[in-house]
Structure formats: structure tokens, C-alpha cells
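Numbering (mature numbering (1 follows the signal peptide of the UniProt record, and there is no 0)), first residue to last: -22 to -1, 1 to 292.
Note that the Cβ used here is the ideal one computed from N, Cα and C, for glycine as well.
See below for the structure under consideration.
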């Protein structure tokens, strides 16, 4: 090889190395995420909302989009985003070592699938005993079925049955270092919180302060009845997501592997696949089809997350 050829190859290698190692700045990431939140078609469909992205140290970028968008401190019912909170509570109580029964209940394969809801002022045990809430269904035992009955029954079996709204909030918050409020004693969907409060909870997970970090994505089960023989019921039947310990794993072909817990009113919290970044898309959209509201927020949240990661608007 000639000297000029050696120099050319070396120069090309240096340029390639620099290009491969180049990362967008925080300002570029923030601008890309903000532009995406404001203009992306998926995100225009779910306005108004508040969004934030952070890491182990705190919020890195955020914004309000649309008329009358909530602020970071606006409290709202978060529905199924409560599921990740209860999973984290159990993980903390167990010091990160879940039992086989914990896994069954927290991956929604325990067969307790007739839950319909609680009343404010009830205890957990009273809610579980109401109607068919605490009824076991042998036909769905061992299959994934998205239902609040798994967590309600788990809490009763775990000795939490005597707790009402206030008692449950106090117990959970003392364990996790959070400041959540329960509107009803429903482990899978009873919390009211602001994006700021939930973001702090996610920050504590990412920072490793909570045992939940080591359980993200573990014990995954398939969830789509259309493609999975061991799935009985899921709110997401257009994508092949998996379900882990109280949270979704967005590992479908269009997903990026993030861990999330979308709620029926559109509240969408997530943690990145590499467990370094967290985010919240906060909105309250009352609807009789909560699956659509949660899925729509998830789709927008994916776009914002991708824009942040790449530094390029979507």
C-alpha cells in the first residue's frame, strides 16, 4: 500500500470514528423533543398535554402543548399508571426478590380477572369482596389477562386488606419515598398524581434508589390474544407487546424496548430500554374506551422519546 493510500485510509478512519461517537447536545435533544411534541401528527392527536424527560438527576426538558394543557404540578387520575407503583412497592417490600406467586399476580397470569372497580372509602378487602372482584377464574389461570383483580387480590393476601384510601397512600409513600394520593383503594388504578410527582418516582427508579430497577423487563409474558395462545385479554391487540412486573415492555416490531405503564385517561409514563432516561406524557381525557386513550399517548410518547434520543425532530 502506498504512503498516500495509508494516509487516506487513516484519515477516513478518524472521520468515521468521530462521526460514530458524535452525540447530540442536551439543547439539540430538548429542541427535537419539543418540536415533535408540538408538531408530530401522533402528538397533535392527543393535545393538550404536558411532557417531561429526565434522568437520574432530574428533569432535562419539558413543555406544555395545546390550549389549557396541564402543568407539571397539575394532579389528575392516572388509572393504570398506578400498576407500576404497586409493582415497585412490592419489589421494595421484598428487597427485590419476588416470590413465584408475586410474579404470577404482577404479570397478570393469576386468574383473578373479574375485577370491576372500588368505591371511595372502602378498604382493600371490602373492594376485593364486592361483587365478583375477588373471584378466581380457572379458565384464565396461567394466561395473561389485563385486569385489576390480580393486584387487588395480591394486596389482600399480602396483609394490606384493612387499608383504606388514606392508609394505602401512607403505606405506599412511606415505602417508596413518594407523595401519591389514592382516590379509591384500587392498586391497579386508584392513584391521582401530577407529572412532577410521578416523574420523581421514575427518577428514583432510574437512579437505583428503588428495587424496581432490577426488575424492569423481567419475567415477560406475551399479551396479544391474536398471536399468543397464552393470552386471554389485552388492551393492546394491534401490537405484540410483552408484560413484565406491573409494566409493559414495548418490544413489538415498531417499539424501542422501553418500559411503560399507560393509563386509561392518557397518562403515559416510561423508562428507556437502557434504564437511563425516564419520561411522562400527562393528560386527562375522559373516555369510555381507555385502551384507545392510553395507546394514543403511547404513540406520541414514542415519537418524543425517539426525538430526544436522536436529537432530530420526528
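Which of helix, strand or coil DSSP assigns to residue i
i, result
"residue 38", "strand"
"residue 238", "strand"
"residue 367", "Here the chain has residues from -22 to 292 only, and residue 367 is not among them."
"residue 291", "coil"
"residue 54", "strand"
"residue 277", "helix"
"residue 272", "helix"
"residue 204", "coil"
"residue 67", "helix"
"residue 33", "strand"
"residue 220", "strand"
"residue 98", "coil"
"residue 20", "helix"
Rounded C-alpha distance that separates residue i from residue j
i, j, result
"residue 283", "residue 112", "38 Å"
"residue 64", "residue 4", "32 Å"
"residue 155", "residue 68", "14 Å"
"residue 99", "residue 143", "6 Å"
"residue 195", "residue 37", "23 Å"
"residue 47", "residue 263", "11 Å"
"residue 251", "residue 227", "9 Å"
"residue 14", "residue 29", "11 Å"
"residue 45", "residue 185", "34 Å"
Nonlocal neighbours in the same chain, by C-beta distance under 6 Å from residue i, ignoring five residues either side
i, result
"residue 192", "74"
"residue 255", "33"
"residue 2", "289"
"residue 18", "281 and 292"
"residue 133", "102 and 165"
"residue 159", "147 and 170"
"residue 201", "122, 209, 212, 219 and 221"
"residue 270", "none"
"residue 179", "156"
Buried versus exposed call for residue i [16 or more other C-beta atoms within 10 Å across all chains shown]
i, result
"residue -1", "exposed"
"residue -3", "Caution is warranted here: a pLDDT of 49 is assigned to residue -3, below 50, making its placement in the model unreliable, and the coordinate value is therefore given only provisionally. By the neighbour-count rule (16 or more Cβ atoms within 10 Å), residue -3 is not buried but exposed."
"residue 128", "buried"
"residue 117", "exposed"
"residue 174", "buried"
"residue 140", "exposed"
Per DSSP, cross-strand counterpart(s) of residue i
i, result
"residue 114", "The partner list for residue 114 (beta bridge, DSSP) is empty, contrary to what the question assumes."
"residue 122", "209"
7 Å CB neighbourhood of residue i in its chain, flanking five on each side removed
i, result
"residue 276", "238, 240 and 246"
"residue 20", "277, 278 and 281"
"residue 70", "153, 154, 188 and 189"
Neighbour flag for residue i against chain C, beta carbons, 8 Å
i, result
"residue 184", "Structure shown: chain C not included; a single protein chain is present."
Beta-carbon contacts of residue i that lie in its chain and below 8 Å, excluding the five residues immediately before and after
i, result
"residue 205", "218"
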